[in-house]
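Remarks on the structure that follows.
2 protein chains.
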Amino acid sequence: MPASSLSNDNRKKTQSTLHDLKVVVLAGGVGGAKLADGVAQILPPENLSIVVNTGDDFKHLGLTICPDLDTVMYNLAGIDNPATGWGRQGESWRTITEVGRIGGPDWFKLGDLDLAVHLTRSHLLAKGCTLTEATRHICDHYGIKTQLLPMSDQPAPTMIACEEGLLPFQNWFVKRQWQPAVQEVRLPEDVKTTSQVALALERTDLILIAPSNPFVSIDPILNVYPIRAMVADLPKLVVAVSPIIAGEAVKGPAAKMMGEMGMEVSSVAVAVYYGDLIDVFVFDQRDSSLYKQEGSLKDLVTFQTDTIMRDRQDRRHLAQQILDFSMELFNK
Amino acid sequence: MPASSLSNDNRKKTQSTLHDLKVVVLAGGVGGAKLADGVAQILPPENLSIVVNTGDDFKHLGLTICPDLDTVMYNLAGIDNPATGWGRQGESWRTITEVGRIGGPDWFKLGDLDLAVHLTRSHLLAKGCTLTEATRHICDHYGIKTQLLPMSDQPAPTMIACEEGLLPFQNWFVKRQWQPAVQEVRLPEDVKTTSQVALALERTDLILIAPSNPFVSIDPILNVYPIRAMVADLPKLVVAVSPIIAGEAVKGPAAKMMGEMGMEVSSVAVAVYYGDLIDVFVFDQRDSSLYKQEGSLKDLVTFQTDTIMRDRQDRRHLAQQILDFSMELFNK
């Protein structure tokens, strides 16, 4: 909803405790997974749904691989690898090393434990499960109670347009290590969301756009019909967290892409990019407060804090601040 | 060819050295892999083709798994696990253990090293390679020069008819551990062989039917058009080695199946089963020589020796004896 309608009566929440707040987090991989985990540490699982980008998904070595879903899942289960930001703790690499030895593609580093998820998911999909059902099955076995929802059960591959033409996302992201320069992110048409995502969006009080890449993590989610319209039109508070701090991405190619696509590389530019879709923009204390100089942002509510999440306590702390700030707005 | 035509002029080979002998081995898994390895230790690789049963193949956990092809491959590469008869030396089980932990199917024991082959093969098949091409690729990387040929590039799934109906082969063989009792082995219709197998059969001097299960390893190969006809009609020597010794199978369900299908459980019964298709029958020294009492076998040439292959030397020794005996028949 437009920021200017924030004080409308219909935005006031009758509930006044955080315990009752219903939240949907839109998340990509690393940064999204961290903030999602922070929120999951606070809210009862029935009040939180995490809608995850599946535009990065691809078929590889016969398997259906869903990097962002798995990163969020490993973070929620507390079995993520904090050193890399992706993959599992205590991972080993015996199979993929052998794949390389026998001339198979080993550029996508699939660990032995991680492979178990891809194999099990591929098995469940082959049996006729939807991706949503397969994700629920695996989450159950990792003890995750929070609802983890793929943005769609249909394939929705993100493509990168560059001077070489169109590259499948993982070819550009992992194999080519963010090369060549991005001209445009190309998202698929006619992808529909699931009934589970639609229901979560309908009943939510707050949508939290995680500090994920706006172009290849958040846009792919918003591009799935009718998620963008539901985020824009339903009377909910929409809070976005900047993935850019002091002109750099905390992780990943967001800053590089902004430069290549002719944007200013700043958190302000991220806020401008989200535009009317968001009501509140959370940005880092390391950034200067230039927002009020941007005419288009004059009604945007901003919240400045330490947004770097070094450990699980940091995640919880950031999530708590954002939720408390949102509650204040609701109860104004 | 019928045994009675063995002394025809057209069976006489002009070549007199083993070095020139062209051999095709028809092989299933364990026993077939051992004898194939024995022959491969003797013949130059360009004179040997091993045609392998792919009736056991199945799609599992998203992957195309070819148990017999891999067993033969691991044996030829000298990286087989002699303790189990299948799988790799120095194998580990990290991935499949995790698959079980997250509620995936772990009844088919896929080791971490073994998985690399299934992943690489699935990748190559997805790229458009035939199974023959994918097998060649992997063999090249394991340093195998001998031609290892799947019986067909088409799926040709063996089914087991039992009181429960039709079971896919691996469900019966591995998951159910040879239960329930076999009423009949059901082989697919209209499966064609490859140009590589057809060429190998056309140019071979000797076809060696390995001591594999006649019903679920050898019959599936013979069932592929036009392999049975080529084995039967072309003027070549066909030698079969009994998988049954003193009423028992060295490994696997062959003896159990013979009993369930109402056959006598003996090497004689195997010879009778192969019938006119074979010229020479090799059976173990532990068996008594009952062959001449069987009217239908009165023209069959037999060769009795120690057929148990405990190590690579035994494999080579048995292969050498069979090839020497065949050369004697050729040069008679």
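Those sequence lines, one after another, are chains A and B.
Going by numbering that gives the first Met the number 0, the residue at position 115 of the first sequence is 114; the numbering climbs one at a time, nothing skipped.
Going by numbering that gives the first Met the number 0, the residue at position 77 of the second sequence is 76; the numbering climbs one at a time, nothing skipped.
Built from N, CA and C at the ideal position, the CB exists for glycine as well.
Next item on the list: Could you work out which residues of chain A lie near G142(B), taking near to mean beta carbons separated by less than 8 Å?
Entry: Stepping through the second sequence from its first residue, residue 142(B) is reached at position 143. For the C-beta of G142(B), not a single chain A residue is nearer than 8 Å; the gap to the nearest is close to 11 Å.
Check: Along chain B, in chain order, which residues have C-beta atoms closer than 8 Å to that of I137(A)?
Finding: The residue labelled residue 137(A) in the question sits at position 138 within the first sequence. Result: I101 and G102.
Margin query: Please report the distance separating the alpha-carbon of A248(A) from that of M262(A).
Written below: Your numbering for residue 248(A) matches position 249 in the first sequence. Your numbering for residue 262(A) matches position 263 in the first sequence. Spanning the two alpha carbons is a distance of roughly 14 Å.
Check: What residue range is occupied by the uninterrupted beta strand (DSSP E) comprising D283(B)?
Finding: Here residue 283(B) is taken as the residue at index 284 of the second sequence, counted from 1. From DSSP, the beta strand (DSSP E) with D283(B) extends over V279 to D283.
Notebook entry, point to check: Under three-state DSSP, which class holds I21(B)?
Noted result: The residue labelled residue 21(B) in the question sits at position 22 within the second sequence. The residue you asked about is not Ile; residue 21(B) is Lys in the sequence shown. Note: K21(B) maps to coil in three-state DSSP.
Item checked: Min CB distance G31(A) to chain B below 8 Å -> The count along the first sequence starts at 1 and reaches residue 31(A) at position 32. Among the residues facing chain B, G31(A) is not included, as its CB has no counterpart in that chain under 8 Å away.
Next item on the list: Just confirm the distance between the C-beta atoms of Q337(B) and A209(B), as a whole number of angstroms; I'd bet it's less than 8 Å.
Entry: For residue 337(B) there is no data in the structure shown, the boundaries of chain B being 0 and 331.
Check: So what does DSSP say about C138(B), is it helix, strand or coil?
Finding: Taking the second sequence and counting its residues from 1, one reaches residue 138(B) at position 139. Three-state result, C138(B): helix.
Item checked: Validate contact between the segment 83-103 of chain B and the segment 158-172 of chain A using beta carbons, cut 8 Å, 3 pairs -> no
Check: In chain A, which residues lie with their C-beta within 9 Å of the C-beta of G338(B)?
Finding: For chain B, the structure presents residues 0 to 331; residue 338(B) sits outside this window and is missing.
Check: Distance, Cα to Cα, K33(A) vs S216(B)?
Finding: For the purposes of this step, residue 33(A) is taken as the residue at position 34 of the first sequence. For the purposes of this step, residue 216(B) is taken as the residue at position 217 of the second sequence. Going from the Cα of K33(A) to the Cα of S216(B) covers about 53 Å.
Note to self: I'd like to check one pair, L68(B) with L322(B): are the Cβ atoms closer than 8 Å?
What the structure shows: In the second sequence, counting from the first residue as 1, residue 322(B) sits at position 323. In the second sequence, counting from the first residue as 1, residue 68(B) sits at position 69. Contact flag unset, no.
Notebook entry, point to check: Of all the options A180(A), Q312(A) and M308(A), which has the alpha carbon lying nearest to the alpha carbon of G258(A)?
Noted result: Indexing the first sequence from 1 puts residue 258(A) at position 259. Answer by Cα proximity: A180(A).
Next item on the list: Give a yes or no on whether the C-beta atoms belonging to Q284(B) and A199(B) are separated by under 8 Å.
Entry: Locating residue 284(B) in the second sequence gives position 285, counting from the first residue. Locating residue 199(B) in the second sequence gives position 200, counting from the first residue. In this structure, A199(B) does not lie closer than 8 Å to Q284(B) by Cβ.
Check: Would DSSP call K58(B) helix, strand or coil?
Finding: As a working note, residue 58(B) is residue 59 in the second sequence. If DSSP states are grouped into helix, strand and coil, K58(B) belongs with the strands.
Checklist line | Assigned secondary structure, K108(A) (DSSP; H/G/I helix, E/B strand, else coil) | finding: Reading the first sequence from its first residue, position 109 is the one you call residue 108(A). Coil, per DSSP.
Checklist line | Backbone CA spacing between N46(A) and L112(A) [nearest angstrom] | finding: Counted from its first residue, the first sequence places residue 46(A) at position 47. Counted from its first residue, the first sequence places residue 112(A) at position 113. Answer to the nearest angstrom: the Cα atoms are 30 Å apart.
Notebook entry, point to check: Do you know offhand how far N296(B)'s Cα is from Q178(B)'s?
Noted result: If you number the second sequence from 1, residue 296(B) lands on position 297. If you number the second sequence from 1, residue 178(B) lands on position 179. Note on residue identity: the sequence assigns Leu, not Asn, to residue 296(B). Between L296(B) and Q178(B), the C-alpha separation is close to 32 Å.
Next item on the list: Would you give the residue range spanned by the alpha helix (DSSP H) that T96(A) belongs to?
Entry: One-based indexing of the first sequence puts residue 96(A) at position 97. First-last of the alpha helix (DSSP H) with T96(A): R93 to R100.
Margin query: Suppose contacts are defined by Cβ-Cβ distances below 8 Å. Is H136(A) in contact with I64(A) by that definition?
Written below: For the purposes of this step, residue 136(A) is identified with residue 137 of the first sequence, where counting begins at 1. For the purposes of this step, residue 64(A) is identified with residue 65 of the first sequence, where counting begins at 1. It is not a contact, given that the beta carbons lie outside the stated cut-off.
Next item on the list: For Y43(B), count neighbouring Cβ atoms within 10 angstroms of its own Cβ and tell me buried if that reaches 16, exposed if not.
Entry: Mapped onto the second sequence, residue 43(B) falls at position 44. The sequence given here places Pro at residue 43(B); Tyr does not occur at that position. Under this definition P43(B) is an exposed residue.
Next item on the list: Might you give, ordered along the chain, the residues of its own chain that have their beta carbon closer than 6 Å to the beta carbon of V190(B), omitting 5 neighbours on each side?
Entry: Along the second sequence, one-based indexing puts residue 190(B) at 191. The residues are S151, Q153, A155 and V223.
Notebook entry, point to check: What runs of the alpha helix (DSSP H), each 4 residues or longer, lie entirely inside the segment 233-320 of chain B?
Noted result: DSSP runs (the alpha helix (DSSP H)) wholly in the segment 233-320 of chain B: 253-259 and 266-273.
Next item on the list: Label P242(A) either buried or exposed according to how many other C-beta atoms from any shown protein chain fall within 10 Å of its C-beta, with 16 as the threshold for buried.
Entry: Mapped onto the first sequence, residue 242(A) falls at position 243. With 16 or more other Cβ atoms within 10 Å, it is buried.
Next item on the list: Can you tell me the Cβ-Cβ gap for G31(A) and S211(A), rounded? I've got them flagged as a contact below 8 Å.
Entry: Working through the first sequence from its first residue, we reach residue 31(A) at position 32. Working through the first sequence from its first residue, we reach residue 211(A) at position 212. About 4 Å separates the two Cβ atoms, so the contact holds.
Item checked: 7 Å Cβ cut-off: residues of chain A touching S345(B) -> Shown here, chain B extends from 0 to 331; a query on residue 345(B) therefore has no answer.
Note to self: Does chain A have any CB closer than 8 Å to the CB of E97(B)?
What the structure shows: The residue given as residue 97(B) occupies position 98 in the second sequence. At least one chain A Cβ lies under 8 Å of E97(B).
Notebook entry, point to check: Helix, strand or coil: how does DSSP classify T129(A) here?
Noted result: Residue 129(A) sits at position 130 when you count from the first residue of the first sequence. If DSSP states are grouped into helix, strand and coil, T129(A) belongs with coil.
Check: Using a Cβ-Cβ distance under 8 Å, would V116(A) count as near chain B?
Finding: Position 117 of the first sequence, counted from the start, is the residue given in the question as residue 116(A). Closer than 8 Å to some Cβ of chain B, the Cβ of V116(A) qualifies, so yes.
Checklist line | Among T306(B), V38(B), Y273(B) and T119(B), the one whose alpha carbon lies nearest that of K144(B) | finding: Here residue 144(B) is taken as the residue at index 145 of the second sequence, counted from 1. Among T306(B), V38(B), Y273(B) and T119(B), the Cα nearest to that of K144(B) is on V38(B).
Check: In whole angstroms, what is the alpha-carbon distance linking D105(A) and S121(B)?
Finding: Taking the first sequence and counting its residues from 1, one reaches residue 105(A) at position 106. Taking the second sequence and counting its residues from 1, one reaches residue 121(B) at position 122. Each residue's Cα considered, the two are about 14 Å apart.
Check: What are the start and end residues of the alpha helix (DSSP H) that includes V190(B)?
Finding: Your numbering for residue 190(B) matches position 191 in the second sequence. That residue, V190(B), is in no alpha helix (DSSP H); it is neither H nor E in DSSP.
Checklist line | Per-residue contacts from T94(A) into chain B (C-beta, under 8 Å) | finding: For the purposes of this step, residue 94(A) is taken as the residue at position 95 of the first sequence. Those within 8 Å of T94(A) in chain B are T94, D111, L112, L114, A115 and L118.
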